[in-house]
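Quick note, the sequences are listed as chains F and U, same order.
Under our numbering, the first residue of the first sequence is numbered 3, with each subsequent residue one higher.
Under our numbering, the first residue of the second sequence is numbered -4, with each subsequent residue one higher.
All C-beta atoms in this analysis are idealised placements derived from N, C-alpha and C, irrespective of residue type, glycine included.
Notes to accompany the following structure.
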Amino acid sequence: GQSLEQPSEVTAVEGAIVQINCTYQTSGFYGLSWYQQHDGGAPTFLSYNGLDGLEETGRFSSFLSRSDSYGYLLLQELQMKDSASYFCAVRRRSYKLIFGSGTRLLVRP
Amino acid sequence: DTAVSQTPKYLVTQMGNDKSIKCEQNLGHDTMYWYKQDSKKFLKIMFSYNNKELIINETVPNRFSPKSPDKAHLNLHINSLELGDSAVYFCASSLTPGGAEETQYFGPGTRLLVL
Chain F
3 GQSLEQPSEV TAVEGAIVQI NCTYQTSGFY GLSWYQQHDG GAPTFLSYNG LDGLEETGRF
63 SSFLSRSDSY GYLLLQELQM KDSASYFCAV RRRSYKLIFG SGTRLLVRP
Chain U
-4 DTAVSQTPKY LVTQMGNDKS IKCEQNLGHD TMYWYKQDSK KFLKIMFSYN NKELIINETV
56 PNRFSPKSPD KAHLNLHINS LELGDSAVYF CASSLTPGGA EETQYFGPGT RLLVL
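Right, dumping it as structure tokens:
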């Protein structure tokens, strides 16, 4: 079987740093992706980790540890517009992208 | 220019009806997908086509039938709609199906409400 776990909701203050964790259990693991979705909007790609380590893209960073089946998304200098749902997604060798249930991030002033 | 477009954006219909959702991408991608997002925001793959050939066919009722007339289009036809079909349906595309870090580009979604 396969499963992904991420917190359902996280609240943080504008300007702060927040980390959204994702643990997964799956066969044929290829890599871990992160997508952002604003309410009423479409998922948009944020980051991908195929190898262990940290990938940085502006204010967003993503980390993967294959041996721990664990990854996280780090958002720095939080802005109000970062309030959205964040999904980790496992890329499998069978072409499939399996999404987690999403973490709703609320950024407060 | 819209990269991945879907029509209609909203669809309200009665139980038992048949409806279609259309998707088009102008990114020159080979692979297209249909996802279903339920009320709890759980996003689940339904189908995928690569260059007009079906490569992913998840456990979906056979009332759902995808059709890809060419690699830029992937339509979804749903027969005998049921209340549980109410969801947001997203079309997506990627350059290839299984590249090392394939980014999927999502359409705006079709909000289906079955009454």
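| Item | Value |
| --- | --- |
| Short Cβ contact (8 Å threshold) for U/PHE101 with F/PRO45 | yes |
| Close beta carbons around F/SER18, own chain, < 7 Å, minus the five adjacent residues each side | Ser is not the amino acid found at residue 18 of chain F; the sequence shown has Ala there. Once the five neighbours on either side are set aside, the close Cβ partners of F/ALA18 are LEU80. |
| 3-residue-minimum beta strand (DSSP E) runs that sit fully inside the stretch 27 to 60 of chain F, ordered along the chain | 31 to 39, 46 to 51, 55 to 59 |
| Range covered by the beta strand (DSSP E) that runs through U/VAL55 | No beta strand (DSSP E) holds U/VAL55; DSSP gives it neither H nor E. |
| CB contact flag (U/ASP65, U/ASN45, <8 Å) | no |
| Residues that U/PRO103 contacts on chain F, provided the C-beta gap is smaller than 7 Å | ALA44 |
| Under the three-state DSSP convention, the category U/GLY79 falls into | helix |
| Contact check, U/LEU71 vs U/PRO56, beta carbons under 8 Å | no |
| Beta-carbon proximity of F/SER49 to F/SER35, cut-off 8 Å | yes |
| Proximity test, F/LEU75 beta-carbon vs the ligand NAD heavy atom, cut-off 7 Å | With respect to small molecules bound, the structure shown includes none, and the ligand NAD cannot be examined in it. |
| Own chain, CB closer than 8 Å to F/SER29, minus 5 neighbours either side, in chain order | GLN4, ARG94 |
| Contacts of U/LYS36 in chain F (Cβ-Cβ under 9 Å) | GLN39, SER87, PHE89, SER103, GLY104, ARG106 |
| Interface residues of chain U facing F/LYS98 [CB-CB closer than 7 Å] | ILE40, ILE51 |
| Contacting residues, own chain, Cβ-Cβ under 6 Å from U/LEU110 (five flanking each side not counted) | GLN9 |
| Interface partners of U/SER60 on chain F, CB under 8 Å | Correct list: empty, because the minimum Cβ distance to chain F is about 20 Å. |
| Chain-ordered chain U contacts of F/PHE47 [CB-CB under 9 Å] | THR98, GLN99, TYR100, PHE101 |
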